[in-house]
Amino acid sequence: MKLHNTSTQQYQTVTSYEENGVEINLIPFNTSLVVLPEIAPAPWSVSSFDALTIENFEQINAISPDVVILGTGIRQRFVHPRLTAPLTARRIGVECMDNQAACRTYNILMAEGRKVALALIFEV
Numbered sequence: 712m713k714l715h716n717t718s719t720q721q722y723q724t725v726t727s728y729e730e731n732g733v734e735i736n737l738i739p740f741n742t743s744l745v746v747l748p749e750i751a752p753a754p755w756s757v758s759s760f761d762a763l764t765i766e767n768f769e770q771i772n773a774i775s776p777d778v779v780i781l782g783t784g785i786r787q788r789f790v791h792p793r794l795t796a797p798l799t800a801r802r803i804g805v806e807c808m809d810n811q812a813a814c815r816t817y818n819i820l821m822a823e824g825r826k827v828a829l830a831l832i833f834e835v
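Quick note on this note's numbering: the sequence shown kicks off at 712 and runs consecutively.
Dropping the structure here:
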């Protein structure tokens, strides 16, 4: 699905998404990644939802977002709280949703000026 351009183009914005990939500022990605408004998308070494580890969330914790939108793939799944413990200990919220909902939610929160991290899982 293509998304409309907004006045937030100086930030990392989801401009399109499909089942097997996403475009950030018109650049395609088809592997798991972490996106923040003011930082270029970074690879996220997650091959599948079932492969998530506490170390994956420590990587996100190091960038200190206010909230994490976790895209769990083509369907919504919920991560075990022990994996997100580094984030919840610092009062960083983690919301789980399918990738398409995660992309839309990220764009909304980013446009509001929130320091939001979008973590997307694309199965390899």
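For glycine and all other residues, C-beta sits at the position ideal for the given N, C-alpha and C.
Secondary structure at GLU834: coil, using DSSP grouped into helix, strand and coil.
By the criterion of at least three beta-carbon pairs nearer than 8 Å, the stretch 788 to 805 is not in contact with the stretch 725 to 743. For THR726, the enclosing beta strand (DSSP E) covers residues 725 to 729.
By a beta-carbon distance limit of 8 Å, GLU749 does not contact TYR728. Their separation comes to about 20 Å. Minimum Cα-Cα distance from CYS807 among the listed residues PRO797, ILE832, ARG801 corresponds to ILE832.
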